[in-house]
Each structure stands twice: as structure tokens, then as C-alpha cells.
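Protein chains in written order, with my numbering: chain A, -6 to 402; chain B, -6 to 402.
For glycine and all other residues, C-beta sits at the position ideal for the given N, C-alpha and C.
Scroll down for the structure; my scribbles are underneath it.
Next up, the structure:
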């Protein structure tokens, strides 16, 4: 069996933790598995390197910033590999010019195009453990690129996907993190939150993209596309974690699988805009140009040719967005712009929603009975998100967790 | 004209110094030159990385140690390149998998086999400054290798050599360091030591290999082999330094060009060994096996079938060497082993020695008149080295500098 194991920055953050990771890798290997390990930079290292660059220039050249920060993972691969070698195992660190993990040329946020399974296969055939630098790649011209924060998850799943056609006896991608797995809600908020044994790719994707941080969203999409079983588990104990897999029939019987929350957004409302074609464009185009990602969008009903437009943006971009949108007021396209940084988004997710009606009604009723005021609502096929006042967030998550009977029995 | 500029760890040791280096590079470029820059790791960085490895395992796997330490130069290339870009210049950092600086597979001490001039040429053709990581390479299999301490000098000269066939209007390799150039003796020891305007490759090689630290010996050999003019100069001022070039006719009129000293050796004497064939092998083979480099070797005249053998080893290997040689005593091949760590080697170097006799006699007389006792002597075609007591070193260098009239007139 091929086991691809990914260890994040916290898991390799100190010499002792690297030793622990090595033990776990050795154990997996000793069970007769082929092992590919993907590592992140030691916790804090990426920020140290970025600070070094910013001490020189405020907006460093993106190509060179990738050259700089990618050294963080290279250090981790070497340290882990030499630890394994010192334990008498065969191990080989591999950078992305060696694995030939080829991406497009979007520095700092590159997308993987292909991976050379040949190189990895030959290392595994020698009986060696392959230690691959996560988060980074090379483009067609051989420039060093990086995949963006959390990119190591994607590296791991993409490597598993590239190796899949060459594997006869099964494979799994293990994502080691500092939590035990995926929970029905954040255990720090809900005391009886329950660890899920399994979850579908789609649910995982919705949870990850609405605030649950255990897995990077792009890696979930890769897993779904190539059918890679992803095992999310803790690097600090041996407990089984959560398997992210294809949807199974019995998953549908569960209406809601988990609840996520996100305090990282802020709400903006543009008031009294002329309700005519092109108005949405004139609001969102300048934000897109400033690379501000807009999430939930709500347009109120039009009255007398005017409407209000509300949406959420990342909290870090809030002030910049407000500033940009003042232009609309100056141009008399809107009356004024207001906003609120102290909001939270709470989402319920479950593939069962597809076949069960009334989930939204049940959700809104529960929130109302708890006295939580809903400011915005958005839905997808398997998710319902509401924006509430930040101070109501914990109450909202709690009451929904109870309402949908997600806790430990 | 192509200017290859090499900046060592001290020259890029801080953000401010990197800015200074960038200014100098920009100035060279602004004069219409093509510029290739070779950088070392920031001062202290290589040791930091080695310490990290040694915290895990005493003798780290050599392949992985090279993967680890080579990140130091990568960081420097990125920081310098982004500085230049922020100044409005075109610059491109290049690692060795990009330049294709191919070496053999001797990790930690690899030798350069070839360099792909194509890649550098195309970067220069774009009008960009190429910033190359010194000290490192890749082997034929794409493994990361390093050239050993001081290897960045070699990288710079080797790059100049590789580019030479593609250059029409001349080239120079500038080695920036923390001294002004090559002196007739160490200015810290001899107050009227004089900076040399030029020096031949052979003299530079002899000086470098007998203790003068401004230039790495292997880089001098490269320069000699490919006829690359090497300009040794300070990164802290604009003073012209020393040109290392082919021997010119007028160089021969100067008998002695410079005096070097080396406190980094220790003397070992194996006493009363049977003077029979194979005895030298039984002494030096176990040292070679332990990778201890033996320098000067003196065998005393044989008396009654026995002889004494003296030689020098690097001071850091002294204790290990003594320990290894105790075996000879146990095997009754020698009576005993004695040694002295407190020695110094003082050498006079000059191509003029070839055509002038009496240099040795003059040297010994001068030392005798100063009361300096000579413990060992060795000579090459253009160098005479003596081992003296460490406490006599400064006196020896001083008197020889005066005797051969090397000071400022």
C-alpha cells in the first residue's frame, strides 16, 4: 500500500517533533507500506523569511519571494530525511525540481499542472522513503513557485493522485494536524462536539470553505476529483481520525453533518443604489481589481428604483474595501456605505440536505428561539450559512449543534 | 564586458549590506556591462543550519546536509534579487538546478564538471542581472551538492570560465571580500605590508594554500586553467584591489612577492621507526583513511636502521591523529609519538625564485639573526615554508618582510 503522509509546520516545528514524525514514518514503513512524506516549513519559518524580505522592500518581487520562502520546506525535508537515515532507514529528500511538480507561473498562488510519478516511483522501488517539500513547485521554465498558504495539503493529495495509476494495492493520503480529525463543530466552542469517522468530499469542502481549518479547500477538490481517500488525523497521538471519502448511501440519512463558523469576515452594505443593469459590476469590479474576495452577496428588494447591496469580505480587507467603495458615493451611484466588522458566519453542512427539506426552517427557528438575530443568509445545495453578530456566534453554534442532534449520544 | 561579481557571507550579512551590494551591482550594470552575481549565504547562516542538523544527529547524512545548507545561498539570491528589482532593475535569482552547474556526487566537497552557459546567456540577453547561488551544484542525477567551504569563489571563477567562449568584449571575475586585496603580508601582523597591484595565479595559489585567506585555492586553479582575470577587492570601498593574472615578464624580477603564515597546523613526530620499505605507508595510510590531510613531511637521516618521521596536520585533527598513531607504538613499529600544537608555518612565495638562487639561504640567515629557530623546512618551485614556534611567528614574518624589502617605500 502507498501511504502519503503530510506533516504541517507545527508537527515539524522543533527537533523533538521532527523525531516524533520520523518515528511515525518509520512505523508506517515497517508495516510494509511504501511511504511518501510531504512536509511544511517549521512553524514560524515562513513568517521569518517573509519578514526578512519585507525588511528590504514592502512589496517584494513575487518570483523572488517564492524563491525565498520555498527554502523553509527544503530545510524540513533535509532534517526529516537525515533523522530517518540516522535511524538506519533509507530516505531521500526531494525538492520540486527533482519530483518535477510542475505548476503554472502564478507566483505565490500557483496551480499544479502535473507531477512526474517516475521519479517518486524509482525512489520507492529502491525501498527508500521519499520526503517531498510541500507548498512549492516549478513552472515550465524551471522557476520556483509556491501554491499559497496551506499548499502542503494540496501537494500531498496531488502526489497521491499522480501515483494512483501506478499503485496496485491501494493508497491513502494521511493529513497530520494538531487536532484529532473533523468534528461536528469546533470542540473549543461546543463541549460535546463529536469527531466524525467519515465525511464526504463535498461536505468537507463546504466546511473547509466556511471556516473549518483542518484541511485546505483546494486539496479537498483534488481528493474528490481523483478519488483519493484522505485521512485527517493528529500527529500527537495514534487515534484514528476522520476519513474524507466519496459519499456513501448511509451518509444521506444524516441531514446535517457538521457546523462551521468563521469570524474572519466583515459585512459591508452599499445603501440606496440605483437598481439598474451594470450596478453590481460597478460595485464589485473595483473590489476584484484590488484582489478583495467577496463572499456572501444579498440584494434587497428594489423600492422606487433603488436597492441596498450587502456582502461580506475578509476582515483584513474591510478598511480597504470601504475606502474603495466611497468612490461610488462620490460618483452619486450610491447614497452611502456602511459596514460591520463584528460579525460571524455560521454554516450547517450535510449532503442529506439534498433529500431532506425543512433544514433551513429548522435552523432559523432554532436561532430565533435562542434570540439570535440573522443578518444575512446564503445557501448552496448542501450548506446553509447565516451571518450573525459576532457576540452571538457561540450561542448560534451551540443551539444548532443541539437542534440537529450532532453531539455524543 | 561581462563582470562576474562574487560577494561573500560578510558582504551580504545584513539587510543594509545587501543594499550596499545591490548599489554596487547596479553601478556596474549602469556602465553597460553584463553582470552575473554570485552570492554566499548570509554570515552565520551556514553554521546555524549545520547546528540544526547536529541537534538531530551527530554525523548527518551528507546528501541531506547539502540539501539543508544550500538553502542559505538560495535565501541570499532571493533577497539580493528582490532588492535590485525594487530599484527598478531587471534581476533574476538562479539556483544551480536552473543554471545547471553540474558537479560530481561527492557531497560536501563536490567538483564542478560543467555549467550550462545557455541559461545565463539568455538571462543576460534579456538585459537582466543574473544572481547565482554560490557554493552549490547538482549532480548528474539532479541531487543537490555543495563545493565545500569557500566554494562560492570557485562558483564565480567557474561561471566566468564557462561564459568566456560566449563573450566577445572581455570579462573579469571580481571577488569582493572584507580586505582591500592581496598584501605582501598580513597587515594585522606587518605594519608596512603593501597591497599588491597584481600577482600571478601560481603565486596566489601558493599564498592561498599556505595560509592567506583572501581567495579559495581551487578558484585560483580554475582561473589559471581558463585564464580568467580575478580582481580581489573590498566590498566596503571603491579602491582598486589586486589583479590575479598570468605571469608577466616583470614579475620575475621580483624574487619574493609575499609572505604567508598559517597557525592552523600542528606538528607530529613518530620516533625511532624501522627504516624499511613500506614504513611511510603504515604511518600515512591510517591517517588518510581517517581523512586527515598531511602537509609537510620530513624524514630524518637514518641511524642504525631507524629514523624519525615528522609532519604537520590540521590543528583540529591533531588529537585524532595522535590517537591513531599510538597503534604503531602498540605494534612496536615505532618507539613513541610526540607532537606540538603550538607551531606556525611561515612561507615566502615568488615566481622570481625560479631564476634567482640564494633565496633559501637569505631566508634562513634572516631568521637566525632574529633568533627564530626553524623546526621544519619544505620547498616548492616558487615557495619556501618553514615551521617555527607559534610565539615566534610574528617576528619571523616581520623580519622576512624586511629582508626581502616588501614594505612600502
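Complete beta strand (DSSP E) runs within the region 24 to 55 of chain A (minimum length 3 residues, chain order): 27 to 32
CB contact below 8 Å: residue 11 of chain A versus chain B: Walking along the first chain from the start, residue 11 of chain A turns up at place 18. Yes, contact with chain B.
Taking the beta strand (DSSP E) that residue 336 of chain A falls in, what are its first and last residues? Taking the first residue of the first chain as position 1, residue 336 of chain A is located at position 343. Where residue 336 of chain A is concerned, the enclosing beta strand (DSSP E) stretches over 336 to 342.
At a Cβ threshold of 8 Å, is residue 6 of chain B touching chain A? The residue you call residue 6 of chain B lines up with position 13 of the second chain. Residue 6 of chain B does not count as touching chain A.
Could you tell me which residues DSSP pairs with residue 67 of chain A in its beta bridges? Residue mapping note: residue 67 of chain A aligns to position 74 of the first chain, counting from 1. Answer by DSSP bridge pairing: none, since residue 67 of chain A is not bridged.
Report, in whole angstroms, the separation of the C-beta atoms of residue 338 of chain A and residue 391 of chain A, which I expect to be a contact under 8 Å. Numbered from its first residue, the first chain carries residue 338 of chain A at position 345. Numbered from its first residue, the first chain carries residue 391 of chain A at position 398. In fact, because the Cβ distance is near 16 Å, the residues do not count as touching under 8 Å.
Pair every Cβ in the region 350 to 366 of chain B with every Cβ in the region 284 to 302 of chain B, then say whether three or more of these pairs are closer than 8 Å. no
Using a Cβ-Cβ distance cut-off of 8 Å, determine whether residue 324 of chain B contacts chain A. Translated into positions along the second chain, residue 324 of chain B becomes position 331. By this cut-off, residue 324 of chain B is not an interface position.
Using only the alpha-carbon positions, how far apart do residue 19 of chain B and residue 30 of chain A sit? Along the second chain, read from residue 1 onward, the residue named residue 19 of chain B stands at position 26. Along the first chain, read from residue 1 onward, the residue named residue 30 of chain A stands at position 37. Going from the Cα of residue 19 of chain B to the Cα of residue 30 of chain A covers about 42 Å.
Are residue 122 of chain B and residue 161 of chain B close, meaning C-beta to C-beta below 8 Å? Counted from its first residue, the second chain places residue 122 of chain B at position 129. Counted from its first residue, the second chain places residue 161 of chain B at position 168. It is not a contact, given that the beta carbons lie outside the stated cut-off.
Determine the direct distance from the alpha carbon of residue 34 of chain A to that of residue 98 of chain A, and round the result to whole angstroms. Locating residue 98 of chain A in the first chain gives position 105, where the first residue counts as 1. Locating residue 34 of chain A in the first chain gives position 41, where the first residue counts as 1. One C-alpha to the other measures close to 21 Å.
Could you name the residues of chain A that residue 78 of chain B contacts, counting a contact when the two beta carbons are closer than 7 Å? Taking the first residue of the second chain as 1, we reach residue 78 of chain B at position 85. Chain A residues near residue 78 of chain B: 54, 57.
Contact the region 316 to 329 of chain A vs the region 346 to 358 of chain A: 3+ CB pairs below 8 Å: no
Provide the residue span of the alpha helix (DSSP H) that contains residue 196 of chain B, from first to last. Sequence index remark: in the second chain, residue 196 of chain B carries index 203 (1-based). Unbroken alpha helix (DSSP H) run through residue 196 of chain B: 194 to 202.
Three Cβ pairs or more, each shorter than 8 Å: is that satisfied between the region 90 to 109 of chain B and the region 132 to 149 of chain B? yes
If you count every other CB in all the chains shown that lies within 10 Å of the CB of residue 63 of chain A, and 16 or more means buried, which is it? Locating residue 63 of chain A in the first chain gives position 70, counting from the first residue. Per the 10 Å Cβ criterion, buried.
One or two residues paired with residue 307 of chain A in a DSSP bridge: The residue labelled residue 307 of chain A in the question sits at position 314 within the first chain. DSSP, once it has assigned bridges, lists A:258 as partnering residue 307 of chain A.
Taking all protein chains shown into account, decide if residue 129 of chain B is buried (16 or more other Cβ within 10 angstroms of its Cβ) or exposed. In the second chain, counting from the first residue as 1, residue 129 of chain B sits at position 136. Under this definition residue 129 of chain B is a buried residue.
Use the C-beta contact count for residue 163 of chain A: other C-beta atoms within 10 angstroms, 16 or more gives buried, fewer gives exposed. As a position in the first chain, residue 163 of chain A is number 170, starting the count at 1. When all chains shown are included, residue 163 of chain A counts as exposed.
So residue 336 of chain B contacts chain A; which residues on that side make the cut at Cβ distance below 7 Å? Taking the second chain and counting its residues from 1, one reaches residue 336 of chain B at position 343. Near residue 336 of chain B there are no residues of chain A at all, since even the closest Cβ is about 37 Å away, more than 7 Å.
Closer than 7 Å by beta-carbon distance: list the chain B residues that pair up with residue 86 of chain A, in chain order. For the purposes of this step, residue 86 of chain A is taken as the residue at position 93 of the first chain. Near residue 86 of chain A (Cβ distances below 7 Å), the residues of chain B are 57, 60.
Buried or exposed by the 16-neighbour rule on C-beta atoms within 10 Å, applied to residue 53 of chain A: For this step, residue 53 of chain A is matched to residue 60 along the first chain. Residue 53 of chain A comes out buried.
Within the chosen definition, does the region 6 to 13 of chain A reach the region 173 to 188 of chain A through at least 3 CB pairs nearer than 8 Å? no
With a CB to CB cut of under 7 Å and the five nearest residues on each side skipped, what residues in its chain are close to residue 80 of chain B? Sequence index remark: in the second chain, residue 80 of chain B carries index 87 (1-based). Cβ neighbours of residue 80 of chain B beyond the five flanking positions: 15, 19.
According to DSSP, is residue 104 of chain A part of a helix, a strand, or is it coil? On the first chain, position 111 is the one that residue 104 of chain A refers to. Residue state, collapsed to three classes: coil.
Of the residues A:108, A:109, A:92, which one's Cα is nearest the Cα of residue 137 of chain B? The sequence position of residue 137 of chain B within the second chain is 144, counting from 1. For the residues A:108, A:109, A:92, the minimum Cα distance to residue 137 of chain B belongs to A:92.
Kindly indicate the opening and closing residues of the alpha helix (DSSP H) around residue 358 of chain B. The sequence position of residue 358 of chain B within the second chain is 365, counting from 1. Start and end: 352 to 362.
Could you give the DSSP three-state label for residue 447 of chain B: helix, strand or coil? Residue 447 of chain B falls outside the range modelled here, since chain B spans only -6 to 402, and no answer is possible.
Can you tell which of B:293, B:76, B:32 has its C-alpha closest to the C-alpha of residue 268 of chain B? As a working mapping, residue 268 of chain B is identified with position 275 in the second chain. The candidate whose alpha carbon is nearest that of residue 268 of chain B is B:293.
Enclosing alpha helix (DSSP H) for residue 275 of chain A [first to last residue]: Looking up residue 275 of chain A in the first chain gives position 282. Here the alpha helix (DSSP H) through residue 275 of chain A covers 272 to 282.
Assuming residue 225 of chain A and residue 175 of chain A make a contact with CB atoms under 8 Å, what is their CB distance in whole Å? Residue 225 of chain A sits at position 232 when you count from the first residue of the first chain. Residue 175 of chain A sits at position 182 when you count from the first residue of the first chain. About 6 Å separates the two Cβ atoms, so the contact holds.
I want to know whether the region 328 to 338 of chain B touches the region 248 to 263 of chain B - three or more CB-CB distances under 8 Å. yes
Going straight from the alpha carbon of residue 36 of chain A to that of residue 7 of chain B, what length do you get? Position 43 of the first chain, counted from the first residue, corresponds to residue 36 of chain A. Position 14 of the second chain, counted from the first residue, corresponds to residue 7 of chain B. Each residue's alpha carbon lies about 23 Å from the other.
Can you find the residues in the same chain that come closer than 6 Å, C-beta to C-beta, to residue 376 of chain B, ignoring five residues on each side of it along the sequence? Position 383 of the second chain, counting from 1, holds the residue named residue 376 of chain B. 199, 340, 342, listed in sequence order.
Cβ atoms of residue 389 of chain A and residue 336 of chain A: under 8 Å apart, would you say? Taking the first chain and counting its residues from 1, the one referred to as residue 336 of chain A is at position 343. Taking the first chain and counting its residues from 1, the one referred to as residue 389 of chain A is at position 396. Contact flag unset, no.
Report all residues from its chain with a CB closer than 8 Å to the CB of residue 171 of chain B; omit the five preceding and five following residues, and keep chain order. One-based indexing of the second chain puts residue 171 of chain B at position 178. Excluding sequence neighbours, residue 171 of chain B sits near 1, 3, 4, 227, 228, 229.
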